[in-house]
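Contents: one structure, followed by commentary.
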Amino acid sequence: MKAHARIVNTARGGLIDEAALAKALTTGAIRGGALDCFTVEPLPCDSPLHTAPNLILTPHQIGHTADGARSVVDAFVANILAFFT
4 MKAHARIVNT ARGGLIDEAA LAKALTTGAI RGGALDCFTV EPLPCDSPLH TAPNLILTPH
64 QIGHTADGAR SVVDAFVANI LAFFT
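Shown next as structure tokens:
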């Protein structure tokens with residue numbers, strides 16, 4: 004990646020090599036990042052991501068509320084209906 008790159012992962016934990024990301028951010032190899040899913044959830048307290056600069060960490064929580072769960076189901080149904088129409 005170029006040094007001005009920013010990486011975002013909101014899909015699945017394990018897609019990002021977390022140790023490599025922490026190192027790249029610490030050394031300035033990339034500019035920043037944002038993650039809301041991790042290889043191990045919740046993110047362990049000793050993860051180097053906690054101290055990596057220019058990184059936003061948020062919990063992957065959409066399905067843990069009634070509204071969030073409903074919005075996922077609604078989007079799923081809408082996508083299936085759109086496919087068949």
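For the sequence shown, our numbering begins at 4 and goes up steadily by one. Using N, Cα and C, we set each Cβ at its ideal position, and we do this for glycine too.
Per DSSP, cross-strand counterpart(s) of residue i
i	result
Leu-38	Asn-12, Leu-60
For residue i, the nearest candidate out of the options (CA to CA)
i	options	result
Thr-13	Ala-22, Ala-6, Leu-84, Leu-60	Leu-60
Gln-64	Lys-26, Gly-35, Phe-41	Phe-41
Leu-24	Thr-54, Pro-47, Ser-74	Thr-54
Leu-38	Leu-52, Ala-72, Lys-26, Pro-47	Leu-52
Leu-46	Glu-21, Asn-82, Val-75, Asp-77	Glu-21
Gly-31	Cys-48, Glu-44, Gly-16, Met-4	Met-4
Ala-8	Arg-15, Arg-34, Thr-29	Arg-34
Arg-15	Pro-62, Leu-28, Pro-56	Pro-62
Leu-28	Ala-81, Val-11, Val-43	Val-11
Buried versus exposed, by CB contacts within 10 Å (16 or more), residue i
i	result
Leu-18	exposed
Leu-58	buried
Gly-36	buried
Leu-84	exposed
Boundaries of the alpha helix (DSSP H) in which residue i is found, first to last residue
i	result
Leu-84	69-87
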